[in-house]
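In short: position in the sequence shown from 1, add 1, done, that's our numbering. Glycine included, each C-beta is placed from N, C-alpha and C at the ideal position. Here the structure is a predicted model, which means the values were calculated and not measured.
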Amino acid sequence: MNQHVEPIVSLCVLIPCFNHGSLIEQVISGLSVYQLPCIIVDDGSDDETKQVLTKLIEINHWLTLITLPHNSGKGGAVIEGFKEAFKQGYSHCLQIDADAQHNIDDIPQLIANAHKYPQTLISGQPIYDETVPKSRLYSRYITHVWVWIETLSFTIKDSMCGFRVYPLAAVMPLLQKKSLGQYMDFDIDIMVRLYWEGTECYFFPTKVVYPKDGVSHFSVWKDNLRISWMHTRLFFGMFPHVPALLKRHFKKDTHWSEVIERKGLWGMRFLLSVYRLFGRRLCYILLYPIASYFWLTGKKQREASQQYLALLRGYASEKGLVLPHLNSYKHFLRFAQASLDKVAAWLNQIPAEQINFPNKSHCLDLVKQKQGCLLLVSHLGDIEVCRALAELSDHVIINAFVFTKHALRFNQLVKEINPKSTINLIQVDEVGMDTTILLEEKLKAGEWVAIVGDRTPVTTYHRDTMQSRVWVSFLGKKAPFPKGPFTLALLLKYPVYLMFCLKKQEQFYIDFKEFNVPQSIKRNERPHQIAMLAQRYADELANHCIEAPLDWFNFYNFWQDNGLEKLSKD
Numbered sequence: 002m003n004q005h006v007e008p009i010v011s012l013c014v015l016i017p018c019f020n021h022g023s024l025i026e027q028v029i030s031g032l033s034v035y036q037l038p039c040i041i042v043d044d045g046s047d048d049e050t051k052q053v054l055t056k057l058i059e060i061n062h063w064l065t066l067i068t069l070p071h072n073s074g075k076g077g078a079v080i081e082g083f084k085e086a087f088k089q090g091y092s093h094c095l096q097i098d099a100d101a102q103h104n105i106d107d108i109p110q111l112i113a114n115a116h117k118y119p120q121t122l123i124s125g126q127p128i129y130d131e132t133v134p135k136s137r138l139y140s141r142y143i144t145h146v147w148v149w150i151e152t153l154s155f156t157i158k159d160s161m162c163g164f165r166v167y168p169l170a171a172v173m174p175l176l177q178k179k180s181l182g183q184y185m186d187f188d189i190d191i192m193v194r195l196y197w198e199g200t201e202c203y204f205f206p207t208k209v210v211y212p213k214d215g216v217s218h219f220s221v222w223k224d225n226l227r228i229s230w231m232h233t234r235l236f237f238g239m240f241p242h243v244p245a246l247l248k249r250h251f252k253k254d255t256h257w258s259e260v261i262e263r264k265g266l267w268g269m270r271f272l273l274s275v276y277r278l279f280g281r282r283l284c285y286i287l288l289y290p291i292a293s294y295f296w297l298t299g300k301k302q303r304e305a306s307q308q309y310l311a312l313l314r315g316y317a318s319e320k321g322l323v324l325p326h327l328n329s330y331k332h333f334l335r336f337a338q339a340s341l342d343k344v345a346a347w348l349n350q351i352p353a354e355q356i357n358f359p360n361k362s363h364c365l366d367l368v369k370q371k372q373g374c375l376l377l378v379s380h381l382g383d384i385e386v387c388r389a390l391a392e393l394s395d396h397v398i399i400n401a402f403v404f405t406k407h408a409l410r411f412n413q414l415v416k417e418i419n420p421k422s423t424i425n426l427i428q429v430d431e432v433g434m435d436t437t438i439l440l441e442e443k444l445k446a447g448e449w450v451a452i453v454g455d456r457t458p459v460t461t462y463h464r465d466t467m468q469s470r471v472w473v474s475f476l477g478k479k480a481p482f483p484k485g486p487f488t489l490a491l492l493l494k495y496p497v498y499l500m501f502c503l504k505k506q507e508q509f510y511i512d513f514k515e516f517n518v519p520q521s522i523k524r525n526e527r528p529h530q531i532a533m534l535a536q537r538y539a540d541e542l543a544n545h546c547i548e549a550p551l552d553w554f555n556f557y558n559f560w561q562d563n564g565l566e567k568l569s570k571d
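Structure, rendered in structure tokens:
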């Protein structure tokens with residue numbers, strides 16, 4: 002029984018085909034359930050493929066065949082298909098490759114998204130299995146970075162997937178203005194140029210496989226040279242579009258969780274790939290253009306950095322201290338360097354002689370005793386480096402409670418990097434009774450729980466309330482800190498420790514010390530005690546910020562409530 006998929010105003014499927022006779026039948030068979038009009042462009046295929054295509058046309062009334070006399074490349078074939086579709090009156094083309102790599106079952110989702118966003122380029126974002134060649138996978142990450150630079154945006158998640166719906170109203174004017182790549186450079190070229198012209202992109206996850214009997218026409222030398230030349234043209238062609246591209250960034254403030262995490266995962270995957278392929282030295286060189294890009298395009302993050310550094314200078318001056326010359330670009334660069342240290346820590350590639358841990362014996366005694374502990378950590382320094390201690394990471398499970406929607410994806414990434422990792426990221430929206438119960442179970446089992454004290458929960462940002470925040474002095478100005486970590490410290494009868502890791506002259510200095518908490522207090526005293534604990538934590542954080550001024554990585558407006566109605570901070 003045929004599935005019925007209601008097409009958008011007028012949509013056709015477009016398949017470029019070159020010597021895919023052994024696979025095109027499988028693709029057409031999968032498409033047949035949808036009964037969508039389909040244009041196949043025979044790009045100068047061999048006789049065997051031509052016979053297969055002729056047979057398919059005879060038995061499938063919904064197929065149209067265009068035959069090109071000579072091979073013109075994937076881009077050339079797709080462009081000819083666009084022209085034919087436009088001539089026949091179609092408004093959109095759903096492109097799918099003839100090599101059976103794309104998941105045909107996702108076509109309803111692709112079309113539904115095209116219905117919802119008819120002026121947008123809809124594209125699959127590949128999810129690969131074990132069949133993907135590693136060289137292809139790593140080279141994609143390099144392309145991702147070039148595209149991010151060429152568009153001054155992270156909007157384009159994947160520019161090489163050929164499973165897309167194109168709005169012809171945007172495509173046809175572009176074809177008249179520009180000569181696009183004719184071969185494997187086409188998919189990247191057209192997506193970037195459409196983005197320059199104002200066409201937005203929408204991505205959805207889709208499985209991509211590499212069949213054992215697959216046919217690949219990717220020429221390692223020729224196509225890589227074409228793609229390199231294309232990126233050169235796009236890079237220099239970007240400059241006239243810079244004002245319009247930057248204008249897209251001037252949007253309303255968002256909560257920190259909506260700014261950093263989605264981009265951070267992609268960035269860490271890319272950095273990991275380059276680190277594994279080329280080593281730390283090349284990664285370190287790449288940090289300069291990466292930091293420069295973020296600094297140039299991240300207006301609100303840049304302003305947040307400048308605000309922090311100005312307050313820190315004033316705070317240090319009140320204490321009679323003079324800090325070295327600091328600026329926001331150095332702050333961004335230090336953050337990039339810390340990301341590289343994070344990768345090294347995950348890979349267990351930080352040697353023991355680089356770690357200075359004065360209180361290490363006390364820490365390891367707690368591990369041997371299987372004593373559950375609550376760790377109050379922060380976004381200061383390189384806390385991930387602590388897991389480089391083999392004695393610690395191999396003998397205790399550390400549960401990191403994080404206020405982010407992407408904890409599961411970060412967990413997956415850490416497990417991919419180091420299957421033996423005993424760090425478990427647990428997502429929480431806010432600290433409530435269910436969180437307390439889960440935490441107590443972990444602590445009873447002798448596990449450690451780490452929670453940041455300098456990030457506010459995600460959900461409370463969207464409420465007209467300050468019930469989950471406590472306002473205390475930080476660097477000489479009132480700032481909101483989360484109540485949750487300090488409430489837990491009071492309620493749970495387990496040892497509480499502060500843990501910081503700062504990098505000083507290529508050495509990692511770990512500060513691990515007990516954070517004394519009152520053991521028994523009356524209920525009506527709890528708000529005051531929470532505020533006292535939060536203030537002590539803020540003071541410790543401020544003192545460490547003076548030690549490492551560029552190492553606090555909260556790139557958002559930390560001291561203000563970002564447009565919420567003015568509430569009492571008393």
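For residue i, which residues of its own chain have a beta-carbon under 8 Å away from its beta-carbon, when the five flanking residues on both sides are left out?
i, result
"E448", "G373, V397, I398, I399 and N400"
"A480", "W472, V473, S474, A539, F559 and W560"
"L322", "I547"
"R227", "G182, Y184, M185 and D186"
"R470", "T457, T461, P481, F482, P483 and K484"
"A535", "G454, V471, V473, F482, K484 and F487"
"L324", "L313, R314, A317, I547 and P550"
"E392", "Confidence in E392 is poor, its pLDDT being 47 and thus under 50, which makes the residue's placement unreliable; the coordinate value appears in the next sentence. Hits under 8 Å: L365 and V368."
If the criterion is Cβ atoms closer than 8 Å, does the pair residue i and residue j meet it?
i, j, result
"L95", "V166", "yes"
"P17", "A99", "yes"
"Q102", "Y211", "yes"
"Y316", "L476", "yes"
"L341", "L288", "yes"
"F509", "Q355", "yes"
"E81", "L57", "no"
"T121", "T200", "yes"
"L439", "Y495", "no"
"I452", "F402", "yes"
"L272", "L551", "no"
"I531", "C387", "no"
"S11", "S124", "no"
"N20", "T50", "yes"
"T207", "F155", "no"
"L195", "F87", "no"
Once the 5 residues before and after residue i are set aside, which same chain residues still bring their CB inside 7 Å of it?
i, result
"L492", "T437"
"A543", "Y316, F475 and L476"
"G31", "I105"
"Q110", "F205"
"E198", "A171 and L175"
"K331", "L551"
Looking only at its own chain, which residues have a Cβ that is under 6 Å from the Cβ of residue i, when we skip the five neighbours before and after it?
i, result
"V14", "L37, C39 and L95"
"L247", "none"
"K574", "Outside the displayed span of the chain (2 to 571) sits residue 574, for which this structure offers no information."
"I261", "Caution is warranted here: a pLDDT of 43 is assigned to I261, below 50, making its placement in the model unreliable, and the coordinate value is therefore given only provisionally. Taken in chain order, the list of residues that qualify is empty."
"L334", "A292"
"R263", "Below a pLDDT of 50, predicted positions are generally treated as unreliable, and R263, at 44, falls in that range; the measurement from the model is reported next regardless. There are no such residues."
"A78", "P17, V42 and D44"
In the DSSP output, what is residue i paired with across the bridge?
i, result
"P483", "R470"
"I452", "L377 and F402"
"E604", "A question about residue 604 goes unanswered here, because the residues of the chain that appear run from 2 up to 571."
"Y510", "N357 and L503"
"Y167", "C94"
"C13", "C94"
Is any heavy atom of the ligand SAH found at a distance shorter than 7 Å from the C-beta of residue i?
i, result
"A532", "Among the components of this structure there are no ligands whatsoever, and the ligand SAH is therefore not found."
Query raised in the report: In chain order, which continuous runs of the beta strand (DSSP E) of length 3 or greater are located wholly inside the segment 24 to 92?
Result: If we require 3 residues or more, the beta strand (DSSP E) runs fully inside the segment 24 to 92 come out as 39 to 44 and 64 to 69.
Requested in this report: Please confirm if the segment 66 to 73 is in contact with the segment 146 to 153, defined as three or more CB-CB distances below 8 Å between the two stretches.
Outcome: No, they do not touch.
Requested in this report: Evaluate contact between the segment 42 to 56 and the segment 190 to 198, counting only Cβ atoms and requiring at least three cross-stretch pairs below 8 Å.
Outcome: no
Query raised in the report: Is there contact here, the segment 375 to 385 with the segment 499 to 513, by at least three beta-carbon pairs under 8 Å?
Result: yes
**Report entry** Whole beta strand (DSSP E) elements within the segment 112 to 161, 3-residue minimum
**Finding:** 122 to 129
Report task. Count the CB pairs spanning the segment 352 to 368 and the segment 517 to 529 that are closer than 8 Å, and state whether there are at least three. Result -> no
Query - Unbroken stretches of the beta strand (DSSP E), 3 residues or longer, contained in the segment 177 to 248 - result: 202 to 209
Query raised in the report: If you pair each beta-carbon of the segment 274 to 282 with each one of the segment 297 to 311, do three or more pairs fall below 8 Å?
Result: Contact fails: fewer than three Cβ-Cβ distances are below 8 Å.
Report task. Let me know the alpha helix (DSSP H) ranges lying completely inside the segment 329 to 379, each 4 residues or longer, listed in chain order. Result -> 329 to 347 and 361 to 369
Report task. Please list the segments of the alpha helix (DSSP H) lying wholly inside the segment 270 to 334, counting only runs of 4 or more residues, in order along the chain. Result -> 281 to 298 and 300 to 319
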